[in-house]
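Enquirer: There's a structure below that I have some questions on.
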Amino acid sequence: MNTTNAFVEIIVSGVLALAAMLLLATGVFGTEPIALLFAGPDYIVAAVLGVSAYAFGVVFDRVWDHLSKPVDRKIRALYFASDSDVGMVRTNVFTKCEHMRAFLDYIRTRMRIARNCTFVFPLLGLGLVAASWRSTYEVDRRAVLGLLVAFFLLGGFCFFAFRKLLESYYKQLRLAGEVSLGLDLRTGNKAGATAPADG
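Printed below as a string of structure tokens:
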């Protein structure tokens with residue numbers, strides 16, 4: 042994967058995750074302890090937030106990846122007979138087909154962002170609700186509830202996009218592998234060959 046793309050993914054995911062965690066922390070500890078985090082000089086606050094966003098992005102990217110494994114395995118099984126075939130095709134395609142590698146990387150970038158947003162948007166909604174409980178200002182509870190529903194709906198839309206992009210990724214990867222290796226990767230047989238009869 043392109044290093045720049047990976048860095049952008051991590052930063053985007055980290056900023057959203059950090060925002061959600063700050064909102065949830067505000068709901069638990071109140072606004073005063075959280076305000077202390079922003080009490081220093083601007084350049085120090087910016088540096089701390091930047092490093093924190095990157096760290097959160099790295100950690101939560103692994104968490105979201107782990108939580109989405111069942112969906113990934115289910116969709117992968119629709120296009121590949123075994124996990125070893127996936128590794129074989131990736132190695133072949135990514136080393137020999139530059140244009141296809143770039144296209145698959147493009148799909149993976151969008152797929153990973155959609156996956157991360159699937160989890161982060163509901164967290165942001167819960168964080169807003171938690172922060173509103175500790176707010177010293179009058180808060181319209183119906184508006185907060187509406188935002189909570191909206192964030193959960195956004196998470197649902199992102200999950201739908203994630204599934205579609207995952208299907209597209211494995212479909213294109215399989216097609217590229219079948220062309221370059223001459224295999225029917227759904228069965229492991231040579232393309233065009235028929236499976237042996239039982240008995």
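When you read off a place in the sequence shown, starting at 1, and then add 41, the result is the number in our numbering. We put the beta carbon where it would ideally sit given N, CA and C, even for glycine.
Which residues in the same chain as TYR95 place their Cβ atom closer than 8 Å to its Cβ, once the five residues preceding and following it in sequence are excluded?
Expert: Once the five neighbours on either side are set aside, the close Cβ partners of TYR95 are ILE51, ILE52, GLY55.
Enquirer: Classify THR136: buried if its beta carbon has 16 or more other beta carbons within 10 angstroms, exposed otherwise.
Expert: With fewer than 16 Cβ atoms within 10 Å of its Cβ, THR136 is classed as exposed.
Enquirer: In the DSSP assignment, find the unbroken alpha helix (DSSP H) run with GLU50 in it and report its ends.
Expert: It spans 44 to 70 - the alpha helix (DSSP H) in which GLU50 sits, taken as one unbroken run.
Enquirer: Starting from PRO111 and walking both ways along the alpha helix (DSSP H), at which residues does that stretch end?
Expert: 110 to 120 is the extent of the alpha helix (DSSP H) around PRO111.
Enquirer: Which residues in the same chain as GLN213 place their Cβ atom closer than 8 Å to its Cβ, once the five residues preceding and following it in sequence are excluded?
Expert: Correct list, in chain order: MET141, PHE144, LEU145, ILE148.
Enquirer: Is the beta carbon of PHE192 sitting closer than 9 Å to the one on PHE160?
Expert: Cβ distance not < 9 Å, so PHE192 and PHE160 don't count as in contact.
Enquirer: Alpha carbons only, please: which of THR67, ASN46, LEU57, ALA61 is nearest the one belonging to ARG175?
Expert: Minimum Cα distance to ARG175 is reached at THR67.
Enquirer: What residue from ASN157, CYS158, LEU189 has the CA that sits closest to ALA172's CA?
Expert: Nearest C-alpha to ALA172: LEU189.
Enquirer: Thinking C-beta only, is ARG215 closer than 9 Å to TYR120?
Expert: Yes.
Enquirer: What does the alpha-carbon distance come out to for the pair LEU65 and LEU195?
Expert: Cα to Cα, the separation comes out at about 19 Å.
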